[in-house]
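Residue numbers (the working numbering), protein chains in the order written: chain W, 2 to 221; chain A, 29 to 285. Even glycine gets a Cβ: it sits at the ideal position worked out from N, Cα and C. Comments concern the structure below.
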């Protein structure tokens, strides 16, 4: 095999690894929130083994990126791709961490009677999930337009988080015995908001990868 | 009057031919004062021809023809009153193979330019200039105790630094270097690269190189040539992270051809 072919195959493998990791993170979020919303604790059993896989990929992806930088001295689009992969790698690992947090809180919440039917939290989860999915698609296809439209959706998630907080605050004020459950739910919504933030970071990295333009910290 | 901030070289619509074969096509670029510019591109793209145009090294090449303008500090270097020998004092050159004058001592190799240029300077001043040039070329410490030995007794990397010292002795404004490290081992290459970076703060350096990592390490600007065209000239960081032209991208990522 020629060195050039080996290199382009390695770039392909790297992309595939990031995608696999993203898919796992996505599934972990989905399982955690569904378990909570549908009060189905069995769904949570899959989350832990997935976290182990994600952690493994987290290390492997960084190692592979560093190796390619050291051995191939990538430039131009290849360099931006590898830099993006390293950063996206970090965001995906954090997303998986947040999913594990949500799973833990779900476990706690499932052991007590429900505080209220959940509407906004599953809604938040759907948007965060879509954002993550779009971010990964944008990464795979180098689709900066999709990344750009996805970033905007972060505001919806932020608004829902505030809404969840306000609503649960009224519960806690009217009945202090709801505080432990309400707090868990507030932390779940915060986790989802963080997941959307990480998906936004991924989108920003995709835009950098495609255009070579850094769009971070340019909001109002 | 040219100011300190204006480009030291202004090249406009430069085309060059060897016989019927056009090797440079409408090259236009400015070279900023006290910067290092690398000329990069695949074999046969015209890089060496280009830098040789800058000190009229092709003047005696049969069949060579050139059009367009090369203006050095406000003067067109191909205009009539320009003496090519005087021009080459201002625009020095270092070649791929170290080429010290074989029968001359280390000292003489550096002093020869000053003598040939008709400068009848006192011995002590001459010695001072030789020392200064050898220091600038980072060779003084290694050579100061052996100045009377033949230049060719030095190692390859030292010989190349001797050639740089020789070029520096006549105080050029521009130093052209044609693949100055390709005949050297990595340690000698590192020394020459360090030297280029240092000298780049005091004079203008234009380097032809095949080695992209070297271009990235040493230069402020990189010009990418392809089949006689200047494809792109930009800051090195821009060229190696986000070049504007697809052909540059293909070249730097190794997907060329």
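Inter-residue spacing [alpha-carbon to alpha-carbon] between residue i and residue j
{"i": "residue 97/W", "j": "residue 208/A", "result": "52 Å"}
{"i": "residue 103/W", "j": "residue 119/W", "result": "14 Å"}
{"i": "residue 59/A", "j": "residue 264/A", "result": "14 Å"}
{"i": "residue 182/W", "j": "residue 266/A", "result": "53 Å"}
{"i": "residue 280/A", "j": "residue 38/A", "result": "26 Å"}
{"i": "residue 162/A", "j": "residue 168/A", "result": "5 Å"}
{"i": "residue 80/W", "j": "residue 68/W", "result": "12 Å"}
{"i": "residue 200/W", "j": "residue 32/W", "result": "18 Å"}
{"i": "residue 10/W", "j": "residue 137/A", "result": "52 Å"}
{"i": "residue 89/A", "j": "residue 235/A", "result": "22 Å"}
{"i": "residue 65/W", "j": "residue 284/A", "result": "24 Å"}
{"i": "residue 30/W", "j": "residue 8/W", "result": "33 Å"}
{"i": "residue 40/W", "j": "residue 109/W", "result": "11 Å"}
{"i": "residue 17/W", "j": "residue 198/W", "result": "23 Å"}
{"i": "residue 30/A", "j": "residue 99/A", "result": "The predicted position of residue 30/A is uncertain, since its pLDDT is 49 and thus under 50; no value can be drawn from it."}
{"i": "residue 176/W", "j": "residue 193/W", "result": "25 Å"}
{"i": "residue 105/A", "j": "residue 6/W", "result": "47 Å"}
{"i": "residue 277/A", "j": "residue 66/A", "result": "16 Å"}
{"i": "residue 165/A", "j": "residue 68/A", "result": "24 Å"}
{"i": "residue 282/A", "j": "residue 144/W", "result": "23 Å"}
{"i": "residue 50/A", "j": "residue 237/A", "result": "21 Å"}
{"i": "residue 133/W", "j": "residue 27/W", "result": "7 Å"}
{"i": "residue 217/A", "j": "residue 87/A", "result": "31 Å"}
{"i": "residue 149/A", "j": "residue 214/W", "result": "57 Å"}
{"i": "residue 100/W", "j": "residue 165/W", "result": "18 Å"}
{"i": "residue 198/A", "j": "residue 233/A", "result": "15 Å"}
{"i": "residue 123/A", "j": "residue 180/A", "result": "15 Å"}
Classification of residue i by the beta-carbon crowding that lies within 10 angstroms, buried from 16 upward
{"i": "residue 274/A", "result": "exposed"}
{"i": "residue 208/W", "result": "buried"}
{"i": "residue 246/A", "result": "buried"}
{"i": "residue 49/W", "result": "exposed"}
{"i": "residue 15/W", "result": "buried"}
{"i": "residue 47/A", "result": "exposed"}
{"i": "residue 76/A", "result": "buried"}
{"i": "residue 151/W", "result": "buried"}
{"i": "residue 180/W", "result": "exposed"}
{"i": "residue 217/W", "result": "exposed"}
{"i": "residue 269/A", "result": "buried"}
{"i": "residue 272/A", "result": "exposed"}
{"i": "residue 242/A", "result": "buried"}
{"i": "residue 202/W", "result": "buried"}
{"i": "residue 229/A", "result": "exposed"}
{"i": "residue 71/A", "result": "exposed"}
{"i": "residue 111/A", "result": "exposed"}
{"i": "residue 295/A", "result": "With chain A running from 29 to 285 in the structure shown, residue 295/A is simply not present."}
{"i": "residue 200/A", "result": "buried"}
{"i": "residue 256/A", "result": "buried"}
{"i": "residue 174/W", "result": "exposed"}
{"i": "residue 177/A", "result": "exposed"}
{"i": "residue 53/W", "result": "exposed"}
{"i": "residue 219/W", "result": "exposed"}
{"i": "residue 160/W", "result": "exposed"}
{"i": "residue 112/W", "result": "exposed"}
{"i": "residue 146/W", "result": "exposed"}
{"i": "residue 190/W", "result": "buried"}
{"i": "residue 73/W", "result": "buried"}
{"i": "residue 163/W", "result": "exposed"}
{"i": "residue 22/W", "result": "buried"}
Short Cβ contact (9 Å threshold) for residue i with residue j
{"i": "residue 191/A", "j": "residue 239/A", "result": "no"}
{"i": "residue 101/A", "j": "residue 36/A", "result": "yes"}
{"i": "residue 136/W", "j": "residue 148/W", "result": "yes"}
{"i": "residue 64/A", "j": "residue 260/A", "result": "no"}
{"i": "residue 182/A", "j": "residue 203/A", "result": "no"}
{"i": "residue 244/A", "j": "residue 85/W", "result": "no"}
{"i": "residue 45/A", "j": "residue 84/A", "result": "no"}
{"i": "residue 140/W", "j": "residue 89/W", "result": "yes"}
{"i": "residue 25/W", "j": "residue 36/W", "result": "no"}
{"i": "residue 78/A", "j": "residue 253/A", "result": "yes"}
{"i": "residue 139/A", "j": "residue 154/A", "result": "yes"}
{"i": "residue 220/A", "j": "residue 187/A", "result": "no"}
Assumed close pair residue i, residue j - CB separation to whole angstroms, cut-off 8 Å
{"i": "residue 175/A", "j": "residue 133/A", "result": "6 Å"}
{"i": "residue 70/W", "j": "residue 83/W", "result": "6 Å"}
{"i": "residue 43/A", "j": "residue 96/A", "result": "6 Å"}
{"i": "residue 123/W", "j": "residue 38/W", "result": "5 Å"}
{"i": "residue 185/A", "j": "residue 144/A", "result": "Incorrect: roughly 25 Å between the Cβ atoms, too far for contact."}
- Message: Report the start-end ranges of each alpha helix (DSSP H) in the stretch 158-216 of chain A that is 4 residues or longer and not cut off at the edges.
- Response: 168-171 and 184-197
- Every unbroken beta strand (DSSP E) inside the stretch 209-261 of chain A [3 residues or more]: The qualifying runs are 232-237 and 249-254.
- Please go through the stretch 78-142 of chain W and give each complete alpha helix (DSSP H) segment of 4 or more residues, from N-terminal end onward. 121-142
- Item | Whole alpha helix (DSSP H) elements within the stretch 144-189 of chain W, 4-residue minimum | Qualifying alpha helix (DSSP H) stretches, in chain order: 145-153 and 155-175.
- Message: Ignoring anything shorter than 4 residues, give me the alpha helix (DSSP H) runs that lie fully in the stretch 93-123 of chain A, in order along the chain.
- Response: 112-118
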